[in-house]
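Everything on this sheet refers to the single structure shown next.
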């Protein structure tokens with residue numbers, strides 16, 4: 001009985017890995033819709049397999065508990081992290097920065113030090129106008145790799161956004177003070 005359950009876990013992990021690879025291929029080919037579907041399917045196959053870890057997906061109530069070996073637990077964690085990271089990459093490419101930010105936050109819950117997730121979340125936050133959050137994320141990435149050209153580029157974009165924001169605020173407040181002094 002345990003062997004059948006273990007082979008069921010292994011078969012689900014194999015299918016989830018195949019969905020990840022199919023999603024990667026679709027993403028490389030510019031097919032975002034197929035990539036999104038494949039990346040979502042990863043979680044469908046691994047969801048509920050590992051109930052021992054608080055960072056894993058919530059178990060379905062109808063599933064029976066299964067004892068997993070360390071290799072299976074590691075594969076589930078890696079596939080779940082890939083699910084979040086790959087979804088974020090597609091959402092960034094599609095300009096759906098709110099969804100991208102959520103996917104990155106999901107990845108960071110699993111791996112707080114994940115540089116890809118932190119960089120992508122910083123980019124999403126910048127695009128969404130959360131300049132302070134973006135700066136926090138991008139600076140943490142820059143601390144880990146100060147020579148990364150992508151981080152330097154995003155920090156330069158962020159610097160320009162801060163300047164525009166400050167200029168807009170100055171103009172807004174200057175208008176308030178001008179009207180107050182006129183009265």
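Residue numbers (UniProt numbering): 1 to 183.
Cβ coordinates follow ideal geometry from the N, Cα and C atoms, glycine included.
Values in this document were obtained by computation on a predicted structure and should not be read as measured data.
{"Item": "Could you have a look at residue 54 and say whether DSSP puts it in helix, strand or coil?", "Value": "In this predicted model, residue 54 has a pLDDT of only 43, less than 50, meaning its place in the structure is not dependable enough to derive any value."}
{"Item": "Excluding the five sequence neighbours on either side, which residues of its own chain have a C-beta within less than 7 angstroms of the C-beta of residue 22, listed in chain order?", "Value": "38"}
{"Item": "Which whole-angstrom value is the C-beta distance of residue 120 and residue 100, which I expect to be below 8 angstroms?", "Value": "6 angstroms"}
{"Item": "Could you check which residue in 67, 152 and 96 has the C-alpha nearest to that of residue 9?", "Value": "67"}
{"Item": "With 16 as the cutoff for other CB atoms within 10 Å, does residue 91 come out buried or exposed?", "Value": "buried"}
{"Item": "In chain order, what residues of the same chain have a beta carbon less than 6 angstroms from the beta carbon of residue 45, not counting five sequence neighbours either side?", "Value": "12, 15 and 16"}
{"Item": "For residue 104 and residue 29, what's the separation of their Cα atoms in angstroms?", "Value": "23 angstroms"}
{"Item": "Taking the beta carbon of residue 107 as the centre, do at least 16 other beta carbons fall within 10 Å, making it buried, or is it exposed?", "Value": "buried"}
{"Item": "In the DSSP assignment, find the alpha helix (DSSP H) that holds residue 70 and state where it starts and stops.", "Value": "70–94"}
{"Item": "How should residue 118 be labelled, buried or exposed, when 16 other C-beta atoms within 10 angstroms of its C-beta is the threshold for buried?", "Value": "buried"}
{"Item": "Take the Cβ of residue 84 as the centre, count every other Cβ of all protein chains shown within 10 Å, and call the residue buried at 16 or more, exposed below.", "Value": "buried"}
{"Item": "At the level of alpha carbons, what is the spacing between residue 49 and residue 73?", "Value": "9 angstroms"}
{"Item": "Considering Cα atoms alone, identify which of 138, 144 and 31 is closest to residue 125.", "Value": "138"}
{"Item": "Where residue 109 and residue 31 are concerned, what is the direct C-alpha to C-alpha distance, given to the nearest angstrom?", "Value": "28 angstroms"}
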